[in-house]
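Single-structure report; data block below.
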Amino acid sequence: MPDKKKIESVLELTEDLAATHKSFRSDESSSETLKNQIAQDFEAVMRNGYVIIEKLLSVSQLDLIRDATLPLLGKAGRNTFEGVKTQRLYNVLEKTRVIDLLATHPRITGLLDRLFQPNYLLSQAQIINILSGESAQPLHYDDGFYPVPRPRPPFGAATVWAIDEFTEDNGATVVIPESHNLGKEVITDRSQAIPAVMPAGSVVFFLGTLWHGGGANRSDADRLAVTCQYCEPWLRPQENFFLELSQSTLSQIPEQLLSMVGYSIHPPFMGMVNGMHPKRTLQPIKPE
């Protein structure tokens, strides 16, 4: 009989107990330059609630994203929050691989590593195309559906990637600096909101407690973006990836993203399948 792990304290249950499928760890061999960039980004996020990181994607990467996603977009939204002149694509990971690199970009995961516990989750991913003539989206904060009173630490964080340039006129996301520190008050006054103006290929990263919203598109062109939202590993994500993603897709996505969509364990056993690590369900098509 193989040796059985002896557990003498409940504190040991907070450790990674898996024998084969260990917790995913971000690359600790990152360059000093990258580590310094992430440290500066994190300082800005904790001070202002957000940070803009410019030009992370190349022109060819942007073209690839546009070519793959624009044909998938359908009619505009269902209500004024989604945007009556805004196209949204859901279940993106099942439909295309072109945003995998955005969801797992090292400048983003470096921030998430500092904010959340290991094996944090992808909460949702969308393609958002704000059409000409769209009105401003109501201000909100993204992790408000977790019913825990403010002020509090963020339970989530989000990215909005500018596939097209973000300008004051074309619907750039607006943010209210330092609003992540506010209490229970509801913010409707947009006088303190500033647009996240940035070149194509850039990203704005913000805490789930930051008040923000989509801007009005007063230009003659559409504004394409990708958003990825993340949450602590002990929370329920917005998307049910277990039902959305096929076995074929799961065999193709990067290992880090596989962990993010729920094929991971939050110690001691949150996320198990029949008492086992969920990755064991993938072994017939994705061997270790």
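Using this note's numbering, the first residue of the sequence shown is number 13, and each one after it goes up by one. For every residue, glycine included, the Cβ atom is placed at its ideal position computed from N, Cα and C.
Discussion item. Let me make sure I understand the geometry here. Which of 278, 220 and 263 has the alpha-carbon closest to that of residue 159?
Written reply: Ranked by how close their Cα comes to the Cα of residue 159, the residues 278, 220 and 263 have 220 in first place.
Fill in: Buried versus exposed, by CB contacts within 10 Å (16 or more), residue 210
Residue 210 should be labelled buried.
Discussion item. What ranges does the beta strand (DSSP E) occupy inside the segment 141–215, keeping only unbroken runs of at least 3 residues that lie completely in it?
Written reply: DSSP runs (the beta strand (DSSP E)) wholly in the segment 141–215: 168–174.
Discussion item. In whole angstroms, give me the CA-to-CA distance for residue 166 and residue 81.
Written reply: Take the alpha-carbon of residue 166 and the one of residue 81: they are about 30 Å apart.
Discussion item. Would residue 151 and residue 114 be called neighbours here (beta carbons separated by less than 9 Å)?
Written reply: Against a cut-off of 9 Å, the Cβ pair of residue 114 and residue 151 comes out as no contact.
Practice prompt. Give the secondary structure of residue 98 by DSSP, where H, G and I count as helix, E and B as strand, and everything else as coil.
Written response: Residue 98 sits in a strand when the DSSP states are folded into three classes.
Fill in: For residue 195 and residue 61, the rounded distance between their alpha carbons
Whole-angstrom Cα-Cα distance: 14 Å.
Fill in: Extent of the continuous beta strand (DSSP E) run through residue 65
Here the beta strand (DSSP E) through residue 65 covers 62–65.
Worksheet item: Between residue 139 and residue 86, what straight-line distance do the alpha-carbon atoms span, to the nearest angstrom?
Response: The straight-line gap from Cα to Cα measures roughly 11 Å.
Item to complete: For the segment 185–195 and the segment 215–233, state whether three or more C-beta atom pairs, one from each stretch, are separated by less than 8 Å.
Response: Segments in contact, yes.
Fill in: Backbone CA spacing between residue 300 and residue 186 [nearest angstrom]
Only weak support exists for where residue 300 lies, its pLDDT of 42 falling under 50; the value from the coordinates is given anyway. In a straight line, the C-alpha of residue 300 is about 43 Å away from that of residue 186.
Item to complete: Would you kindly check if the distance between the Cβ of residue 250 and the Cβ of residue 241 is under 9 Å?
Response: It is a contact, given that the beta carbons lie within the stated cut-off.
Discussion item. According to DSSP, is residue 56 part of a helix, a strand, or is it coil?
Written reply: In this structure, DSSP gives residue 56 a helical state, which the three-state scheme calls helix.
Worksheet item: CB-CB under 8 Å to residue 47, same chain, minus the five flanking residues each way: which ones, in chain order?
Response: 122.
Worksheet item: Mapping DSSP to helix, strand and coil, what is residue 277?
Response: Of the three classes helix, strand and coil, the one that applies to residue 277 here is coil, per DSSP.
Practice prompt. Quick one: grab the DSSP three-state call for residue 93.
Written response: DSSP places residue 93 in coil when its eight states are reduced to three.
Discussion item. With three or more C-beta pairs closer than 8 Å as the rule, is the segment 89–101 touching the segment 123–136?
Written reply: Using a Cβ-Cβ distance cut-off of 8 Å, the segment 123–136 and the segment 89–101 are not in contact, since fewer than three pairs of beta carbons, one from each stretch, lie closer than that value.
Discussion item. Please state the DSSP three-state secondary structure of residue 136.
Written reply: Strand.
Discussion item. Could you tell me the alpha carbon to alpha carbon distance between residue 247 and residue 71, rounded to whole angstroms?
Written reply: Between residue 247 and residue 71, the C-alpha separation is close to 36 Å.
Discussion item. For residue 175 and residue 212, which I take to be in contact (beta-carbon distance under 8 Å), what is that distance rounded to the nearest angstrom?
Written reply: Contact annotation, residue 175 with residue 212: C-beta distance approximately 6 Å; criterion of less than 8 Å satisfied.
Fill in: Straight-line gap, residue 53 to residue 169 (C-alpha atoms, nearest Å)
Each residue's alpha carbon lies about 14 Å from the other.
Practice prompt. With distances taken Cα to Cα, identify the nearest neighbour of residue 262 among 132, 90 and 290.
Written response: Residue 290 is the option with its Cα nearest to residue 262.
Worksheet item: Could you give the C-beta distance for residue 110 and residue 171, rounded to a whole number, given that I count them as a contact under 8 Å?
Response: In this structure, residue 110 and residue 171 do not form a Cβ contact; the two beta carbons are roughly 15 Å apart against a cut-off of 8 Å.
Item to complete: Can you have a look at residue 178 and say buried or exposed, based on whether 16 or more other CB atoms are within 10 angstroms of its CB?
Response: Buried, because 16 or more other Cβ atoms sit within 10 Å of the Cβ of residue 178.
Item to complete: Could you pull the start and end residues of the beta strand (DSSP E) that residue 104 belongs to?
Response: Run containing residue 104: none in the beta strand (DSSP E); it sits in the alpha helix (DSSP H), 104–107.
Practice prompt. Determine, using beta carbons only, whether residue 50 and residue 95 come nearer to each other than 9 Å.
Written response: No Cβ-Cβ contact shorter than 9 Å links residue 50 with residue 95.
Worksheet item: Rounded C-beta distance between residue 182 and residue 231? I'm assuming under 8 Å.
Response: That belief holds up - the Cβ atoms of residue 182 and residue 231 are roughly 4 Å apart, short of 8 Å.
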